[in-house]
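Protein chains in written order, with the numbering used here: chain A, 271 to 524; chain B, 271 to 524.
Virtual Cβ for every residue (Gly too), placed ideally from N, Cα, C.
The structure appears below as C-alpha cells.
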DNA sequence: GTTGAACCTGACGCCGCGTGAGGCGCTACC
DNA sequence: GGTAGCGCCTCACGCGGCGTCAGGTTCAAC
C-alpha cells in the first residue's frame, strides 16, 4: 500500500505557509519532499510524506520562536546542542532587541510630546526638535536628563517659552557691545555676563554636572538646535572675559 | 576664498558612520557631496561642504529614530508631510513590533521554565515541549491558559510527573480490553472510562471551556506532544461508548 | 619621483521569502 | 480520447542597508 502524501498546495493550506515558502525550504535543503510524481525524466510535483509533515511541523514551531532558518536546520540535525543554552541565548537576544525598540519608543514618545507643546509644527521645527533630542542624549546622562525634566516643571512652561526670545535679545546686545568695542571689563559688558549667567542658571538649575555637559556640547558641536554655535564662539569668549571681570563664578568652579 | 570641505574619511570619523555608508547615501542620491577633487576627467575624491554636513546630520538624526532611508529622503524633501502624523504612525509601528517581541519573549521564558522543570533535556524533549507550547497557544485562550497554570499549582508537581505513566498504563489497558473483545458496556470497560475521566478531570479541573478546547485539539491534530493522536482515535471512541454506558457526564454536557 | 594611505568604482552577499514570467502535469468532464 | 483549466514546475529579480572584498586611482608628504 502506497504511503499517504500531500502536495504543496494542500500542505500550504494546512500549515498556513505559502507555496513559495515550501519551495524555498526545498531549495535550501531544509525540507525536501521524500517523493515526486512523474519520476520519468522531468521534474514532477512534490509529494510530502507524513514524516515530511512532521519535520515541517517542527520547523514551523522553531520559526515561531524566532529562530532563523539556518539555526532551525542545525537544530533539527541534532548536532549536539544544549536546548536550554540555545533557548537562553536566543532569549537574551530577543530581550536585547526588545530593549532597543523600547528605547526607540521612548524617544518617539518624548518627541511626540515635544511636538505637541510646540505651536507651529513646521518641518524646520520638527528637524530642530529631533536634532536637539539627539544632541541632549549624546551629552547628558540619563540622571541629568531626569533633573532637567524636573527643573522644567519647576520653572513652568511660560519661562521656557520666553527663553528663546531672551537669548536672541541677549545675543543681539552682546554683538552690539562687541561691535562698539566695549571692553569686556566694562560694567556694561559685566551686566551682559550677568544676564547670560542667569539664563544658563535658569536652565541648569545650578547643577555643576549639567553645566559641564552643556559646555562640552557647545565646545564640540558646530550647530545646536539650528543655531550656528561655531559663529557664537567669539561671543562666548567675550562673555567669558566679562564674567571673570564681574567676579561671577560658574557652578563647580573651585 | 574656497569653502571649507571634508572628505569621506573625516566625515565618517566625525559622525561615527562608515565610509561605505556615505558612499551608499551618495549612490542612492540621498546625500551627494557638492564638490569633488580633480575636476578634470576622472572621478576624484568626494568633498562635503558645511551644507552637506548639516544635511547629513539631519539624516543621522532621522535614522536614529528608526526611519528608513526612503522616508528620510521624502522627509527632507519637505513634500508636505505633517510631522506629528508621521511621528505618530511611526510610533504605532514601533509599538507593534515591540509588542510582538515582548510576546516572543514571554513564549521563550515559559519554554525556558518548562525546560528547567524537565529532568532530561534531550533534543526530543525540547522539540516536544515546543510543539506542545505552540499547540496549546493554538487551542487555548489566554484565560484558559491562566486557569491551567493555577490548576497545575493546585495539584502539585508530583501529580504532574505521575500523569504520563498513568496515561501510558491506561492506554495499554484499554488496548488490551479492545483486543480481548470486551464490550464497551462491560463493567470492566466502564471502569476504564472512569479512570480516563478522572485523568482528564485532573488536568482540566472540570472547566467546560478547557475540556472543549482539549477535545477540539485531539480531533484536529494528528500528533500532540509526540503522541500519535490519529492512532488513538479508535481507542477514544471505545472509551466514549464505555463512558456513555457508565452514565458519566463530561463537563458542559446538558 | 616615490611611497603609502586614503580614496575610487563595481560587484556580490545577507535573510526570508514576494512576485512575477513562461511553461508543464494532472484531473475531470465531455 | 481530447481538452479545459487549475495547480504545479523552474528561473530570476527585488527588497533594506549596508559589509566586504577586488583591483585600480589620487593625494599628500618626503
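Check                                                                                                                                 : Outcome
N- and C-terminal bounds of the alpha helix (DSSP H) containing residue 263 of chain A                                                : Only positions 271 to 524 of chain A appear in the structure, and residue 263 of chain A is not among them; the question remains open.
Those residues which DSSP pairs with residue 220 of chain B across a bridge                                                           : This structure gives no information on residue 220 of chain B, because the portion of chain B shown stretches from 271 to 524.
Residues within the segment 276-294 of chain A neighbouring chain B, beta-carbon criterion of under 7 angstroms                       : none
Selection of the segment 398-417 of chain A by Cβ proximity to chain B, strictly under 7 angstroms                                    : 400, 401 and 404
Any 3 or more C-beta pairs closer than 8 angstroms across the segment 404-416 of chain B and the segment 462-473 of chain B           : no
Assumed close pair residue 353 of chain A, residue 393 of chain B - CB separation to whole angstroms, cut-off 8 angstroms             : 6 angstroms
Counterpart residues of residue 497 of chain B in DSSP-defined beta bridges                                                           : B:494
Distance CB(residue 332 of chain B)-CB(residue 298 of chain B) smaller than 8 angstroms                                               : no
Contact with chain A by residue 353 of chain B, beta-carbon distance below 8 angstroms                                                : yes
Neighbour-count burial assignment, residue 435 of chain B, 16 or more Cβ in a 10 Å radius                                             : exposed
Same chain, Cβ closer than 8 angstroms to residue 380 of chain B, five either side skipped, listed in chain order                     : 403
Three-pair Cβ contact test at 8 angstroms for the segment 360-376 of chain B versus the segment 363-380 of chain A                    : yes
Contacting positions in the segment 351-376 of chain A - beta carbon closer than 8 angstroms to chain B                               : 351, 352, 353, 354, 357, 358, 360, 361, 364, 365, 367, 368, 371, 372, 374 and 375
Residues bridged to residue 466 of chain A (per DSSP)                                                                                 : Partner(s): none; residue 466 of chain A has no beta bridge.
Nearest candidate by alpha-carbon position, reference residue 322 of chain A, set A:356, A:273 and A:361                              : A:273
Closer than 8 angstroms to chain B by CB, residue 389 of chain A                                                                      : no
Chain-ordered residues of the segment 476-496 of chain A with a beta carbon less than 7 angstroms from chain B                        : 493
8 angstroms Cβ cutoff, residue 382 of chain B in contact with chain A                                                                 : yes
Spatial distance of residue 359 of chain A from residue 337 of chain A (CA atoms)                                                     : 11 angstroms
C-beta neighbour in chain B for residue 301 of chain A, strict 8 angstroms                                                            : no
Given 8 angstroms, three or more beta-carbon pairs between the segment 512-520 of chain A and the segment 277-289 of chain B          : no
Residue 474 of chain A and residue 462 of chain A closer than 8 angstroms at C-beta                                                   : no
Cβ pair residue 499 of chain B, residue 507 of chain B closer than 8 angstroms                                                        : no
Identity of the residue in B:455, B:308, B:330 and B:451 nearest residue 282 of chain B by Cα                                         : B:330
Local Cβ density within 10 Å of residue 280 of chain B, reported as buried at 16 or more and exposed below that                       : exposed
Start and end residues, alpha helix (DSSP H) containing residue 522 of chain A                                                        : Counting along the chain, residue 522 of chain A falls outside any alpha helix (DSSP H), and DSSP gives it neither H nor E.
Best match in A:399, A:505 and A:425 for proximity to residue 335 of chain B [C-alpha to C-alpha]                                     : A:399
Distance CB(residue 531 of chain B)-CB(residue 505 of chain B) smaller than 8 angstroms                                               : The first residue shown for chain B is 271 and the last is 524, placing residue 531 of chain B beyond what the model contains.
C-beta neighbour in chain A for residue 467 of chain B, strict 8 angstroms                                                            : no
Cβ separation of residue 278 of chain A and residue 316 of chain A, assumed to be a contact under 8 angstroms, to the nearest whole Å : 5 angstroms
With 16 other Cβ atoms within 10 Å as the buried cut-off, status of residue 430 of chain B                                            : exposed
Outcome for residue 312 of chain B when other beta-carbon atoms lying within 10 angstroms are tallied against a minimum of 16         : exposed
Separation of residue 487 of chain B from residue 410 of chain B, as counted between CA atoms                                         : 9 angstroms
Minimum Cβ-Cβ distance from residue 312 of chain B to chain A less than 8 angstroms                                                   : no
CB contact check: residue 338 of chain A to chain B, cutoff 8 angstroms                                                               : no
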